[in-house]
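Trainee: As given, the protein sequences belong to chains A and B, one line each in that order.
Counting from 1 along the first sequence, just add 3 to a position and that's the residue number in the numbering used here.
Counting from 1 along the second sequence, just add 3 to a position and that's the residue number in the numbering used here.
Glycine residues also receive a C-beta, built at the ideal position from the N, C-alpha and C atoms.
Bear in mind the structure is a predicted one, so any value in this text is a computation, not a measurement.
Number of protein chains: 2
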Amino acid sequence: MDERLAKRFGKVLKLRRIDCGLSQEELAFNTDLHRTYISMLERGIRQPSLSTIFILAEGVGCERESLVKDTRVG
Amino acid sequence: MDERLAKRFGKVLKLRRIDCGLSQEELAFNTDLHRTYISMLERGIRQPSLSTIFILAEGVGCERESLVKDTRVG
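(1) If you drop the 5 nearest sequence neighbours on each side, which residues of the same chain put their C-beta closer than 7 Å to that of Asp73 of chain B?
(2) Does the beta carbon of Thr34 of chain B come closer than 9 Å to any beta carbon on chain A?
(3) What does the Cβ neighbour count give for Gly64 of chain A, buried or exposed, with the cut at 16 atoms within 10 Å?
(4) Locate the alpha helix (DSSP H) running through Ile58 of chain A, then write down its first and last residues.
(5) Exposed or buried, which one is Val71 of chain B when buried takes at least 16 other CB atoms within 10 Å?
(6) Which of the three DSSP states, helix, strand or coil, is assigned to Glu45 of chain A?
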């Protein structure tokens with residue numbers, strides 16, 4: 004796993020979630036993902052699969068490619 | 004795993020790879036991924052993680068978000 008990439012993605016996700024006014028608990032509830040898993044994603048400890056990327060994008064109300072697009076590396 | 008999503012992604016990947024004039028073997032070599040894994044991705048049997056999405060996008064010479072953007076569901 005590319006840790007730097009996961010960390011960048013986590014930051015993007017967190018910013019989007021906060022922009023939406025959602026807590027981790029609320030995003031977890033809306034997406035049927037575990038709150039602990041969302042916390043790990045935001046800290047870059049886990050990285051999402053394709054389907055999780057789609058679920059999260061919907062959860063924070065953005066286009067499916069936005070989270071990937073905003074994850075800049077280097 | 005969302006099978007339909009994985010199948011759509013696989014089709015997008017395959018089209019891009021063929022557009023680039025690459026065989027599965029060549030894409031595997033360029034990306035350091037296993038040819039069998041690329042075959043499974045293209046058939047929608049496996050779905051990629053975030054870092055694999057980045058690696059594949061680079062391997063087929065497109066923007067990091069393109070493969071996700073082109074994966075339309077429904």
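Mentor: Concretely, from the data shown:
(1) Numbered from 1 along the second sequence, position 70 holds the residue referred to as residue 73 of chain B. Once the five neighbours on either side are set aside, the close Cβ partners of Asp73 of chain B are Val15.
(2) Translated into positions along the second sequence, residue 34 of chain B becomes position 31. At a cut-off of 9 Å between beta carbons, Thr34 of chain B makes no contact with chain A.
(3) The residue labelled residue 64 of chain A in the question sits at position 61 within the first sequence. Per the 10 Å Cβ criterion, exposed.
(4) Residue numbering aside, residue 58 of chain A sits at position 55 when the first sequence is read from its first letter. Counted as a single uninterrupted DSSP element, the alpha helix (DSSP H) harbouring Ile58 of chain A occupies residues Leu53 to Gly62.
(5) The residue given as residue 71 of chain B occupies position 68 in the second sequence. Per the 10 Å Cβ criterion, buried.
(6) Taking the first sequence and counting its residues from 1, one reaches residue 45 of chain A at position 42. Of the three classes helix, strand and coil, the one that applies to Glu45 of chain A here is helix, per DSSP.
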